[in-house]
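In the UniProt record's numbering, the protein residues as written are 1 to 303.
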């Protein structure tokens, strides 16, 4: 049922005038003119159909109805003021801003992030996907970066290693019995990582493998093309772990080559004492140790 309430401005004007016994004093309290107080009170009386004041030349007296109304209104308005102050003073939800590259965000962090938000519903998580481009931006709580773990002035926790392994759609992978079979396949490449295929081919015993095929800007694009059957992509762990676990991609060979880098949780040393960041750090280290979501175990070690 809808509440039938008079206008709040009229209520405030009447209560202040009744408490002070003066339109002038009420006007000073509410930062309006005495004429405005008089008009608001008159509108309230018209709305209620009840006279609230007896107006005299030099004084203002509440009628019995006005006195009773004021006696009930004052504690209500005091309570409303206290409630409003409590709401305004209540601290906002802590914000955790994570810088991270777009491919790592999509293929590793986001599939796991729901577990963190369920565990820490009071923390507002913001993902800034410029993490691969800059070491650390103003306002970030942490940054997930690919590197060797050495960023001067920052602390870094190793999350996962970056390991190279070719991957293909299941229908294509069955035709790849040995690394030499790649010579007849379309090899998908990543523009900023031209040495991935030669490095892996050398370790796999096919150093003359010609890496000629479509070139993509990001690993995620090449991996999607591989899943769609376009060719064989040079996968990089952990980008491919979830797809392999789900059967979308297959690693046809047992040769996995360390890239010599890994993903690290990079943060300012003093952030370790911040409860919001500390909660995220504990969670992400556990998530990194657990491997792909739902497996309960870490990925197999590189050969």
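Every residue gets a Cβ at the ideal spot worked out from N, C-alpha and C, and that includes glycine.
Residue 201 places its beta carbon 9 Å or farther from that of residue 252.
Using a Cβ distance threshold of 9 Å, residue 21 and residue 60 count as a contacting pair. Around the CB of residue 238, 16 or more other CB atoms lie within 10 Å, so the residue is classed as buried. Boundaries of the alpha helix (DSSP H) around residue 41: 34-48. By the neighbour-count definition (other C-beta atoms within 10 Å, threshold 16), residue 225 is a buried residue.
Residue 187 places its beta carbon 9 Å or farther from that of residue 164. By DSSP's assignment, residue 258 forms a beta bridge with 163.
Pairing residue 140 with residue 162, the inter-Cα distance amounts to about 24 Å. Secondary-structure assignment with DSSP links residue 267 through a beta bridge to 155.
With respect to the C-alpha of residue 242, the residue from 151, 153, 111 and 39 having the closest C-alpha is 111.
Runs of alpha helix (DSSP H) with 4 or more residues, each lying fully within the stretch 227-256, are found at 241-246, listed in chain order.
When the alpha-carbon of residue 4 is set against those of 279, 47 and 282, the nearest one is in 47.
With fewer than 16 other Cβ atoms from the protein chains shown falling within 10 Å of its own Cβ, residue 58 counts as exposed. DSSP places residue 174 outside any alpha helix (DSSP H), giving it a letter other than H or E. The closest CA to that of residue 11, considering only 96, 56, 33 and 66, is found on 66. Approximately 11 Å separates the beta-carbon atoms of residue 216 and residue 103; this is outside 8 Å, ruling out the contact.
Looking only at 68, 121 and 221, the smallest Cα-Cα distance to residue 92 is reached by 121. About 6 Å separates the beta carbons of residue 264 and residue 157, which is inside the 8 Å limit, making them a contact pair.
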